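In my numbering, the protein residues as written are -17 to 365. Beta carbons are placed, not taken as given, at the ideal position from N, Cα and C, and that holds for glycine. Here the structure is a predicted model, which means the values were calculated and not measured. What follows is one structure encoded as structure tokens, with my remarks underneath.
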């Protein structure tokens, strides 16, 4: 009987263990909120900390542009720091843990410099047809013939609607002609408050700069003897409407090597850079003045164009979704825009401090990122 009782107890115990089983623990990370949508997790420009969208901790770009390197990972950002999270389900063990992917909106993937496969010249043909569109002197240099496909049209309607966006609300735009290529730019007076709360007035262009010789998007702007620019999708008509895209050293008109080393000592007050004579590069303080100018009550939405970029444009600044060249790949036309400030980033000598806006942004966006990314340029009059 004793043996039977012990056997019965053991059977009951084994049955209980089988019913319980082993539970595997799992951790689910929430999807990151996108900085261009300006959630509370994204960096406000008034904060002392900056974020960097890092492509590789070991290098700024692949040494051999013709080869694809390790796979990409998402950069998850918090309000105080940038945390790189690796996905074990998509990254094989033999690939570099340092390669990451820039945080982006769900509608477009932005490639990292450690994983992008640069396009060959055979696949980078300029989008054009035998017919050419010659724009007026107010929008393009008289010596430049703009070629594009026949389906390419002004993204903002008629010339009257395009120029000057909403300058009519301010009595019309002022005009300035760049003697380097005879292009005429529109600009406005912005009366607002600076970062200290003091009243301030500046005159700033209400369109992106467009000057220089176009280079293909997979190349660096490394010829220090001339001004170079990217045109989105290697199409000069995009430069006409959206302006050129410039690496940091090109924008600053400093040697190309300044993209990979610190050239802080070469940054001057009222730094002219690639801007015309009598003009200087836009600073963060300038942008802050513009956001808080001309009676604007819509925050950053008041600086964005109402032509498909989610803004009210109550300031007249007419910021457009010019896209960018991120790691030698064009991304997010009409969805977002970035611009380098004449200031180096806080994380590494190969980074710059930048501003950005997406079509749904609600705050002034800033971060640190690589100097070799091609971004838009705005200029401010020197007084």
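When the options are compared against residue i, the one with the closest alpha-carbon
{"i": "residue 355", "options": "305, 187, 172", "result": "305"}
{"i": "residue 232", "options": "350, 321, 339", "result": "321"}
{"i": "residue 313", "options": "282, 287, 260, 213", "result": "213"}
{"i": "residue 210", "options": "196, 218, 201, 219", "result": "196"}
{"i": "residue 199", "options": "182, 187, 221", "result": "221"}
{"i": "residue 281", "options": "271, 137, 289", "result": "271"}
{"i": "residue 167", "options": "174, 187, 267, 182", "result": "187"}
{"i": "residue 241", "options": "182, 352, 164", "result": "352"}
{"i": "residue 338", "options": "344, 330, 329, 348", "result": "348"}
{"i": "residue 310", "options": "227, 345, 178, 360", "result": "227"}
{"i": "residue 225", "options": "140, 189, 287", "result": "189"}
{"i": "residue 346", "options": "294, 274, 364", "result": "274"}
{"i": "residue 307", "options": "202, 243, 253", "result": "202"}
Per DSSP, cross-strand counterpart(s) of residue i
{"i": "residue 319", "result": "305, 339"}
{"i": "residue 160", "result": "165"}
{"i": "residue 312", "result": "307"}
{"i": "residue 195", "result": "210"}
{"i": "residue 175", "result": "181"}
{"i": "residue 275", "result": "174"}
{"i": "residue 334", "result": "326, 351"}
Helix, strand or coil at residue i [DSSP, three-state]
{"i": "residue 239", "result": "helix"}
{"i": "residue 209", "result": "coil"}
{"i": "residue 189", "result": "coil"}
{"i": "residue 184", "result": "strand"}
{"i": "residue 138", "result": "coil"}
{"i": "residue 256", "result": "coil"}
{"i": "residue 359", "result": "coil"}
{"i": "residue 351", "result": "strand"}
{"i": "residue 266", "result": "helix"}
{"i": "residue 232", "result": "helix"}
{"i": "residue 218", "result": "helix"}
{"i": "residue 129", "result": "Because the pLDDT at residue 129 is just 42, under 50, the model does not fix this residue reliably, and the point stays unresolved."}
{"i": "residue 28", "result": "For residue 28, the pLDDT reaches just 35, beneath the cut-off of 50, and the residue's location in the model is therefore unreliable, although a value from the coordinates is still provided. In the structure shown, residue 28 sits in coil (DSSP, three-state: anything other than H, G, I, E or B)."}
CB contact flag (residue i, residue j, <8 Å)
{"i": "residue 255", "j": "residue 235", "result": "yes"}
{"i": "residue 158", "j": "residue 170", "result": "no"}
{"i": "residue 292", "j": "residue 341", "result": "yes"}
{"i": "residue 265", "j": "residue 324", "result": "yes"}
{"i": "residue 336", "j": "residue 319", "result": "no"}
{"i": "residue 257", "j": "residue 315", "result": "no"}
{"i": "residue 350", "j": "residue 327", "result": "yes"}
{"i": "residue 298", "j": "residue 276", "result": "yes"}
{"i": "residue 362", "j": "residue 215", "result": "no"}
Closer than 8 Å to chain C by CB, residue i
{"i": "residue 286", "result": "Any reference to chain C falls outside this structure, which holds one protein chain only."}
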